[in-house]
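Take a look at the structure set out below.
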Amino acid sequence: MSTQSERSDAASTGLADWVRVAREQSLPDAPVLLCTRGGVVVRATAQAAALLGTEDPDDLVGRQLDELGIGDGPQHAHGRPGSAVRTVSWPYGHDERFLFTVLCDVSDLVAPPARPAFGKADDSLEGERADQISNAPLLDLQRAAKIGTWQLDPATDTLWLSKVLHELTGIPQRGAMPFEEFLVFVHPEDRDMVREKVLSSVERSEPVEFEHRFFRGDGALRRLRVYGVFSGGRDGRPPLVVGTAHDVGASPHAVPDRSSALVDMPSAVEALAGLLRGAGAEDVAVLACVIDNLHRIDHSLGSEAAADVEASVAERLAEGLPDSCFGARTPRREKFMVVCPDTRAVGGMEALITLLSGLLRTTLPVGNHLVQLSGSIGVATPRGGGTTAEDLFRHASIAASEAQRKGFNQVVLANPDLIAAADRQLPLEAQLRDALDHDELTVHYQPVVSADGSIAAAEALVRWPHPERGPISPAVFLPVAERAGQLHDLDKWVLRTALREAAGWPWVHGRPVTVAVNLAGLLPGEPNFVDFVADAVTTAGIDWNRITLELVETDLVDLRPQNRYAMERLVERGARFAIDDFGTGYSSMARLKHLPVQIIKLDGRFVSDIDRNNTDLAVARAVCSMSHAMGHLCLAEGVETTDQLRVLNSIGMDYYQGFLFSPAVPAEDFRAMLEVGTAHGAQPR
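Given below as structure tokens:
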């Protein structure tokens with residue numbers, strides 16, 4: 013308890029002087045009180061005032077902490093009925109005559125019943141919660157201030173986050189979580205620092221104050237300012253670290269804009285137009301350079317990593333181009349344009365292409381990863397006096413798209429046939445958009461057969477019955493959708509349609525039939541991925557355990573924590589995830605062990621010769637055995653012959669899919685199959 017002399021320190025020195033000095037101090041936008049060592053409040057933030065039930069912070073100045081009901085105890089009711097406040101105090105670092113006291117609203121933190129965090133077992137936080145109405149203004153205040161509270165039990169490394177802090181971080185609210193699980197959301201370069209700072213509070217019984225970067229659930233990089241203090245285990249209470257966390261905004265980009273040496277596209281168009289008007293225009297060339305698979309880097313390692321890669325490539329181009337050439341940025345961050353005024357002056361076109369390929373092909377450190385890069389290049393040269401600058405840039409882009417279609421590290425020269433084919437596809441893009449908007453696409457279903465020959469599931473495959481051209485192959489319109497940025501909307505349409513149609517399917521042999529939808533544009537890394545899938549399920553009225561979402565193997569390489577959590581949230585509801593085309597990407601057994609997937613689909617390339625090729629047989633057997641060892645199911649794609657089926661059957665494959673049983677068929681034909689219960693080619697063991 014404070015002595016009378018300590019309590020009168022403010023009065024003897026003069027409250028006005030204390031207040032004047034206190035107002036000169038820098039305080040965070042958080043519920044904080046600045047007090048004298050005797051417990052007299054000399055400054056309060058607006059957040060602290062609101063937490064204590066007053067609108068004016070000056071109402072608290074001059075009052076004793078014990079008058080406010082928050083003097084020495086660790087938990088108190090405050091001005092808003094029914095809520096609980098925890099106080100954490102330490103000497104103010106800038107002037108140790110003051111105490112820096114943080115008020116933590118902990119009314120929505122519920123400690124485990126067996127070990128209450130504060131007070132007696134019958135005085136748990138759950139019992140002290142206010143109803144929704146009385147707590148709503150406080151929660152609104154905390155949301156507006158972007159301040160949440162937390163507590164850590166060092167004995168169990170268990171972390172509790174308040175409701176507001178869950179919202180700020182985007183971490184799913186599922187009760188207590190291991191401290192190490194929280195750290196996966198922290199920027200890799202900051203994790204050791206965060207771990208050390210928090211543990212030091214325990215080891216030294218000292219307060220902590222630090223900032224760190226973290227990735228929200230939607231992938232955005234933010235900064236948290238953290239305050240915490242060790243609360244010793246007095247009066248039978250367990251020792252805890254408690255504090256606040258304040259979202260102070262977006263993290264500044266770790267890498268400055270190193271592409272400043274590259275011009276923008278309007279400037280590039282103007283410069284190229286001048287070159288085409290001058291002498292020697294026939295020696296001008298435009299090269300479109302595209303970073304291969306930047307979208308996979310974005311999805312696997314995050315948007316900041318992709319931005320780092322983009323900036324590094326821009327810097328390499330700016331520094332490595334011949335003096336006579338110049339580079340330009342484009343709206344597509346993975347694509348750069350290079351203009352060469354005179355190919356002869358740089359040793360010819362082949363020498364220029366070799367140089368650019370070398371600049372694009374490199375290995376870069378990104379975070380804790382080494383990323384191997386390559387680039388696809390499209391080349392365009394004038395085709396006569398009528399070629400404009402805009403034409404040349406467009407032709408180079410078309411050639412680069414064709415190079416990407418052929419694979420990584422490819423080069424394609426624009427030619428009249430390629431340009432004409434691309435021009436014909438422009439109307440197809442608009443027609444596909446129209447077909448999506450007016451539900452003119454259809455979904456066919458290819459049955460998945462179990463070991464006993466019965467239909468267990470079906471994969472939904474989109475088809476386009478064009479009103480004028482007839483059926484257009486997916487091999488034609490899916491690349492069109494990808495180039496036009498329509499895969500995302502296409503995935504949404506297929507998912508909604510397939511779930512709606514599957515909801516009415518009859519059961520087979522007393523078992524429900526699941527539906528599988530392959531996702532290429534709608535991916536777990538999106539902010540609204542979980543909400544969209546949940547809405548589609550609710551609208552269709554289908555059970556969660558009848559849904560399988562398929563992702564290609566490369567989309568799961570180095571899966572980000574946010575993407576993993578999105579997948580886990582759907583798995584908790586009953587949905588399943590499958591790895592499509594397994595064996596063609598970069599997965600290892602160790603990585604596969606930790607993926608939230610339940611089904612492994614063996615790629616058909618390992619099935620086609622399985623009855624004649626011992627290597628394919630060994631791969632198939634290993635994948636099947638590995639899947640079972642990890643508790644996964646294994647499905648073989650591309651089964652076309654009885655010999656293939658026999659071999660797959662012998663190694664314990666769970667499910668089969670392929671033309672041996674049935675191609676993809678219209679919805680009404682598949683429903684007729686379900687009435688029978690087997691696909692027409694199904695052969696029981």
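In this note's numbering, the protein residues as written are 13 to 697. Heads up, the beta-carbon is just placed ideally off N, CA and C, and yes, glycines get one too. Source: prediction; values computed, not measured.
task: Could you give the DSSP three-state label for R356: helix, strand or coil?
output: Looking at R356 - three-state DSSP - the assignment turns out to be helix.
- Report all residues from its chain with a CB closer than 6 Å to the CB of F222; omit the five preceding and five following residues, and keep chain order. For F222, where only same-chain residues beyond five positions count, the Cβ hits under 6 Å are K209, V238.
request  = For F194, collect the residues of the same chain with a Cβ closer than 6 Å to its Cβ; drop the 5 residues on either side in sequence, then sort them by chain order.
outcome  = So the qualifying residues of the chain are L171.
Quiz item: Does the distance from the CB of F541 to the CB of A578 come in under 9 Å?
Solution: Judged by beta-carbon spacing, A578 lies within the 9 Å limit of F541, meaning their Cβ atoms are closer than that value.
Measuring CA to CA, which of L180, R216, S213 is closest to R225? Proximity to R225 across L180, R216, S213 peaks at L180, based on C-alpha coordinates.
Here's the rule I'm using: 16 or more other beta-carbon atoms within 10 Å means buried, otherwise exposed. How should E687 be labelled?
With fewer than 16 other CB atoms across the displayed protein chains lying within 10 angstroms of its CB, E687 is exposed.
Q) Cα separation between L364 and F348? A) Cα to Cα, L364 sits roughly 15 Å from F348.
Check your understanding: DSSP on L607, reduced to helix/strand/coil?
Key -> Shown here, L607 sits in coil according to DSSP, grouped into three states, outside any helix or strand.
In the DSSP output, what is S388 paired with across the bridge?
Answer is V302, bridged to S388.
Worksheet item: Taking just the CA atoms, how far does D295 sit from L473?
Response: Taken atom to atom, the span from the alpha-carbon of L473 to that of D295 is near 47 Å.
If you measure between the beta carbons of D204 and G537, is that distance less than 9 Å?
No, the pair does not count as a contact, with Cβ atoms beyond the cut-off.
- Message: Using CA atoms only, rank isn't needed, just tell me which of I431, I484, Q422 is closest to E452.
- Response: Measuring from the Cα of E452, the nearest candidate turns out to be I484.
Handout entry: K158 classed as buried or exposed, judged by whether at least 16 other C-beta atoms fall within 10 angstroms
Key = It is buried - the Cβ of K158 has at least 16 other Cβ atoms within 10 Å.
- prompt: If we count Cβ pairs, one from each stretch, closer than 8 Å, do we get three or more for the segment 405-424 versus the segment 339-356?
  reply: Touching, yes.
Point to revise | Contacting residues, own chain, Cβ-Cβ under 8 Å from R35 (five flanking each side not counted) | key: The beta carbon of R35 sits closer than 8 Å to the beta carbons of R55 from its chain, once the five residues preceding and following it are set aside; these are given in chain order.
Exercise. Given P334, which residues of its chain have a CB within under 6 Å of its CB, disregarding the five upstream and five downstream residues?
Worked result: Setting aside the 5 residues that flank it on each side, P334 is surrounded in the same chain by V358, each with a C-beta closer than 6 Å to its C-beta; the list follows chain order.
Using a 10 Å radius around the Cβ and a threshold of 16 neighbouring Cβ atoms, would you call K613 buried or exposed?
Burial of K613 is indicated by the presence of at least 16 other C-beta atoms within 10 angstroms of its C-beta.
- Item | Proximity to A42 [Cα-Cα], best of V196, D259, L173 | Of the listed residues, the one whose Cα sits closest to A42 is D259.
- Message: V52 and G74 - do their beta-carbons sit closer together than 9 Å?
- Response: At a Cβ-Cβ threshold of 9 Å, G74 and V52 count as neighbours.
Determine the burial state of Y598: buried for a count of at least 16 other Cβ atoms within 10 Å of its Cβ, exposed for fewer.
Residue placement at Y598 is poorly supported in this model, since its pLDDT is 44, which falls under 50; the coordinates are not used for a value here.
Next item on the list: Would you list, in sequence order, the uninterrupted beta strand (DSSP E) runs of no fewer than 3 residues that lie entirely inside the segment 172-253?
Entry: Segments of the beta strand (DSSP E) lying fully in the segment 172-253: 220-227, 233-243.
query: Which ranges would you report for the alpha helix (DSSP H) in the segment 36-78 if only whole runs of at least 4 residues count?
result: With a minimum length of 4 residues, the continuous alpha helix (DSSP H) runs that stay inside the segment 36-78 are 58-63.
Under 8 Å Cβ to Cβ from L385, same chain only, skipping five residues before and after it: list those, please.
-> Within the same chain, and ignoring the five residues on either side of L385 in sequence, the residues whose Cβ sits closer than 8 Å to its Cβ are I303, D304, V321, V325, L372, R373, T374, T375, L376.
key: Under 9 Å between C-beta atoms of A632 and L582   = Taking 9 Å as the cut-off, the Cβ atoms of A632 and L582 do not count as close.
ask   = Should P353 be labelled buried (16 or more other beta-carbon atoms within 10 Å of its own) or exposed?
value = Under this definition P353 is a buried residue.
- Taking the C-alpha atoms as reference points, what is the distance between I591 and I467? Rounded to whole angstroms, I591 to I467 spans 20 Å at the Cα level.
Exercise. Kindly confirm or deny that the segment 547-555 and the segment 509-517 touch, where touching means at least three C-beta pairs closer than 8 Å.
Key: Note that the segment 547-555 touches the segment 509-517; at least 3 beta-carbon pairs, one per stretch, sit closer than 8 Å.
Next item on the list: Taking A420 as the reference, give the member of S388, H450, A493 with the closest Cα.
Entry: Looking at the sequence provided, one finds Phe at residue 420 rather than Ala. Nearest option by C-alpha distance: S388.
Q.
Strictly by DSSP, which residues pair up with C646?
A. According to DSSP, C646 bridges with I612.
Margin query: According to DSSP, is G261 part of a helix, a strand, or is it coil?
Written below: If DSSP states are grouped into helix, strand and coil, G261 belongs with the strands.
| task | Evaluate R588 with the Cβ neighbour count: other Cβ atoms within 10 Å of its Cβ, from every protein chain shown; 16 or more gives buried, anything less gives exposed. | result | Counting C-beta atoms within 10 angstroms of its own C-beta, R588 has 16 or more neighbours from the protein chains shown and is therefore classed as buried.
Practice item. Output the distance between the C-alpha atoms of V525 and N661, rounded to the nearest integer angstrom. Key: Taken atom to atom, the span from the alpha-carbon of V525 to that of N661 is near 21 Å.
Rounded to a whole number of angstroms, what is the C-alpha to C-alpha distance between P184 and A426?
Rounded to whole angstroms, the separation of the alpha carbons of A426 and P184 is 49 Å.
In the DSSP output, what is P377 paired with across the bridge? Answer by DSSP bridge pairing, in chain order: L382.
inquiry  = Taking 8 Å as the cut-off, is the C-beta of A300 nearer than that to any heavy atom in the ligand FMN?
reply    = With respect to the ligand FMN, the structure offers nothing, as it holds no ligand at all.
**OP:** Spell out a yes or no on whether the segment 668-679 and the segment 452-465 are touching, meaning 3 or more CB-CB pairs, one atom from each, closer than 8 Å.
**Re:** Between the segment 668-679 and the segment 452-465, the count of C-beta pairs closer than 8 Å reaches three or more; the two stretches touch.
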